[in-house]
Every structure is written in structure tokens, then in C-alpha cells.
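Take a look at the structure below.
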Amino acid sequence: MFEIGNSLREARVRQGLDLTDVERATKIRPKYLRALEDEQFEILPAQTYVKGFLSTYAEFLGLDGQLYVDEYNSRYVTREEEVPFRPRRSNAGRRRSRRFESTVVLVALAGIAVVFALVIAAWKSGDDSPNRRTPIATPDLRAPAESTLVVRATRGTTRMEVRRASQQGQLVWSGTVGHGREQSFKLKGKLWMYVQRPRAVDLVVAGRTARAPARLLLVDSSGVHRAAAAR
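According to our numbering, the residues represented by the sequence shown are 1270 to 1500, in order.
In C-alpha cells form, the structure reads like this:
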């Protein structure tokens, strides 16, 4: 057993983050973040929100979100709350359900019979012209797929920012990639990237997997490279 709120607060403070930073990354309002850290779970609208916010907040801080949800369940959720009430179905309801299922089966069988008859008719029609030549299928010539960058958070959660060409380029994406999640980008030229926790991610470029060598990166179809900090 551990203190849910204190461990979240300590992890946030260790990383030099305030509640505004966390809100910007997780989209969770500060009053709810503060309620999680103070273990005032009754402030949140429902238990579903508590569990979802706990998991998101913990994953953002690089913690095990499921561990926090399990601890919350063990301390605050009773067995009656975990198992939803299910009213018993009456015999009349079951009989109506059986009749409905029987009707669906009969309709499906009738549909299959019609399709089978159409196939037989088409096959016989094709046999009437034995000299008809079947056209030769042409290969499906498609343009080669664009190179793709996939960022996989395989070892933790990380904050990330992606821009076109350089640190001053057009913003493509900014946010948090949760542990076990991934984010994809089309490689049209170069992408500049800031990765808060490089060790947490794998980068897949045109099918080739590589580790992030630094926080500032340049990625193109040839691979992943270190980027110099802007002066």
C-alpha cells in the first residue's frame, strides 16, 4: 500500500513541473489534478473519471498508471460498486428473444439461397460463350508509399514536439505519448523533434527501428540524427 496523492505530487515536483504544465499535456483541469494529489476523489464527477485521470496523470509522470488504479480500487471501491446490477429477464422476454433469433436465421438462410441461385445462373450464362476470352489482369501500379516516422513509447511516457525542417519551422504536433502508445508522421522532407525522455521511445523510420540518441533530433528518410540547439 502507498499514498496515491503524495507519490504523484513528489514525482511531479522531482521533474520540476507545476499543475499548469500537467494540464497542458494531459488536458486535465488543475482542480482535478489537485484533488488527485490530495486524495479528495469525491470532487471528481464519477469513479470512471477518477480511474481515467489517475492512469493518465501517472503515465505522464513516467509511473505505472495501472498500479495507481489498482490501489484506488483496493482502497476506495467496494465490491457492490464494482459489479453492476443486472435485472433478471422474464420468461416472456426470453421467448421474444428466441422468436427474434429464429426470424433472423430464416432471413439469413433465404438471403444465402438467393445469392447461391444468382451465382449458378451467372456461371451457366458464362458457359454459353466458350470462345470468349478472359481479359488479362493488369498489375496494380501504385505510387510508392511515402516514408513514415513512427514514435513508440515502449519504455515510458514522454512529452514531445515536432516541427518542419528546424526548431523554428511549422509546428506539426505537440503533446504527450503515453506508455505503450505510438504517434505517426509523414516524412515530407525533414522533421525537427524535441523528445523530453529519449530513453522512453523507439523511432521507426521507413521500417527501420532506432533509439533516440538525444532530446533534439532531425529525422528524414535516411534515418535519425542529432540536431544542434538553436542559438
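Cβ coordinates follow ideal geometry from the N, Cα and C atoms, glycine included.
The stretch 1415–1429 makes contact with the stretch 1468–1478: 3 or more CB pairs, one atom from each, lie closer than 8 angstroms.
Taking 8 angstroms as the cut-off, the Cβ atoms of L1323 and L1305 count as close.
Here D1333 carries a coil assignment [DSSP, helix/strand/coil]. As the crow flies, the alpha-carbon of D1489 is around 13 angstroms from that of T1478.
Comparing C-alpha distances from S1435 to each of W1461, T1317, T1295, T1426 shows the shortest one belongs to W1461.
In the structure shown, S1443 adopts extended strand secondary structure according to DSSP, grouped into three states. The beta carbon of S1443 sits closer than 8 angstroms to those of M1429, E1430, V1431, all from its chain and outside the five residues before and after it, given in chain order. The shortest C-alpha to C-alpha distance from G1458 to any of G1425, L1302, V1493, R1466 is the one to V1493.
Per DSSP, the beta-bridge partners of S1453 are V1419.
A1294 counts as buried, since at least 16 other C-beta atoms from the protein chains shown sit within 10 angstroms of its C-beta.
Here F1369 is exposed, its C-beta having fewer than 16 other C-beta atoms within 10 Å.
Rounded to whole angstroms, R1450 and V1388 show a C-alpha spacing of 46 angstroms. In this structure, L1277 sits near A1327, with a CB-CB distance shorter than 8 angstroms.
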